[in-house]
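If you read the sequence shown in our numbering, its first letter stands for residue 520, the second for the next number, and so on. Think of the CB as a built atom: it goes at the ideal place given N, C-alpha and C, for glycine as much as any other residue. The model shown is predicted, which means the values in this text are computed figures rather than measured ones. Heads up: the structure comes next, in structure tokens.
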Amino acid sequence: MSLRVACVGAGFFSQFHIGSWKRLAQVDLVGVCDVDVGRAKATGAPAFDELSKMLATVQPDVLDIILPPQAQAAAIHVAIAANVSTVICQKPFCVSMAQAQEMTVAAKNAGVTLIIHENFRFQPWYRFIKARLDDGRIGRVLQATFRLRPGDGQGPDAYLDRQPYFREMPRLLIHETGVHYIDVFRYLFGAATHVYADLHRENPVIAGEDAGIVHFQHETGVRAVLDGNRCLDHAADNTRRTMGEGLFEGTKGTLRLTGDGAVSFRAFGETKEQVLLEPDTHEGFGGDCTHALQEHVVAAMTGDLLIENLAEDYLNIIAIEQAIYLSAQTHQRVEL
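See the structure below:
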């Protein structure tokens with residue numbers, strides 16, 4: 520079975536989506552659409568500058584929406600009208616919880632499978648850590664900490680060379696980047712029940728927050744901390760590979776994630792660490808997590824695997840994000 524896939528949006532991050540689709544043997548990339556048709560043509564796929572025309576022409580099984588939030592709802596509506604059976608939508612998902620709920624309901628009522636492209640949980644080190652937590656390697660998990668340190672937020676020219684729109688976002692650290700770790704923590708530890716957040720801005724040239732600490736309490740009893748600061752870095756040849764460093768601590772030992780994507784284990788009471796997962800060597804984004812997510816979707820569509828990141832489930836991630844900002848605003852712990 521070969522899946523016909525089309526993409527809308529040929530901006531910076533689309534290179535990872537489109538490159539992945541081209542690598543999947545069970546996929547035919549049948550079209551790319553962008554308002555700048557030159558960018559669409561540069562992908563090497565059949566190029567279009569109007570989404571409805573592309574969908575009518577190529578009739579894909581899957582539409583991959585690689586657009587910013589303000590353009591997503593319109594694209595989803597066009598896909599529903601064109602009877603596309605599966606839609607993948609980039610995060611952040613829509614401009615508000617209300618719009619995200621509206622799109623989720625519209626897709627469900629039309630029989631369209633709507634998936635959110637939340638890819639950090641597909642990074643190889645988190646899939647590995649999840650397996651070690653599940654097999655009891657560190658015993659009962661009590662604590663987790665991730666230090667988000669991309670090191671790209673200093674100075675008057677912060678973000679200009681890669682993603683300049685970051686500078687104007689009224690909410691940055693959590694809405695754009697921290698949301699990945701909300702989902703990772705939920706994937707690893709189950710649903711969060713409470714959050715407390717202290718957020719602030721370090722660099723005055725940007726509009727939103729670029730630093731802060733968020734404390735999560737999970738239904739499994741795990742306490743997790745996201746400690747983020749975009750003005751600081753961590754020890755890595757590529758600070759965007761893992762975006763930081765993590766500790767995952769249990770009654771029998773600790774797993775440590777380093778900036779090269781390696782995972783080490785230290786048994787409780789011991790001083791020496793054992794490398795369980797070797798450093799990652801993928802030169803693209805995030806341990807090739809975009810490809811892993813899209814490979815997962817193809818496997819689910821062609822087999823009996825359950826799809827992760829369905830929109831109706833992802834609404835929980837948006838709810839947690841909203842609770843974090845409410846906590847930061849009110850200086851109070853928020854129950855979910």
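Whose C-beta lies closer than 7 angstroms to the C-beta of residue i among residues of the same chain, with five residues either side of it excluded?
i    : result
D717 : G731, I732, A847
If I measure Cβ to Cβ from residue i and keep anything under 8 angstroms in the same chain, skipping five residues before and after, which residues do I get?
i    : result
A818 : L824
Y715 : V733, H734, S846, Q851, R852, V853
D832 : none
L834 : M616, A619, Q620, T623
A561 : A529
In the DSSP assignment, what are the bridge partners of residue i?
i    : result
C750 : Answer is none; C750 lacks a bridge partner.
A743 : A663, F735
D583 : C526, I607
Near residue i, which residues of its chain fall below 6 angstroms by C-beta distance, leaving aside the five closest residues on each side in sequence?
i    : result
I725 : R686
R668 : L751, D752, H753, G763
F804 : F535
G672 : N722, D729, R749, C750
R666 : D746, G763, E764
L582 : A525, A598, V603, V606
What is the DSSP secondary structure of residue i, reduced to helix, strand or coil?
i    : result
D902 : Beyond the ends of the chain as shown, which are 520 and 855, falls residue 902; an answer cannot be given.
Q609 : strand
F780 : One detail in the question is off: residue 780 reads as Gly in this sequence, not Phe. In the structure shown, G780 sits in coil (DSSP, three-state: anything other than H, G, I, E or B).
F531 : coil
F639 : helix
L633 : strand
G763 : strand
A601 : coil
Q620 : helix
L796 : strand
Thinking C-beta only, is residue j closer than 8 angstroms to residue i?
i    : j    : result
A755 : I839 : no
G769 : G670 : no
I635 : F612 : yes
F784 : L774 : yes
V597 : L633 : no
C608 : I584 : yes
Stretch-stretch touch, CB-based, cutoff 8 angstroms, three pairs: the region 752-761 with the region 733-743: By the C-beta criterion, the region 752-761 is judged not to be in contact with the region 733-743, since fewer than 3 inter-stretch pairs fall below 8 angstroms.
Stretch-stretch touch, CB-based, cutoff 8 angstroms, three pairs: the region 598-605 with the region 559-576: Verdict: yes, contact present.
Three CB pairs or more closer than 8 angstroms across the region 638-654 and the region 780-795: Contact between the region 638-654 and the region 780-795 is present, because at least three Cβ pairs lie under 8 angstroms.
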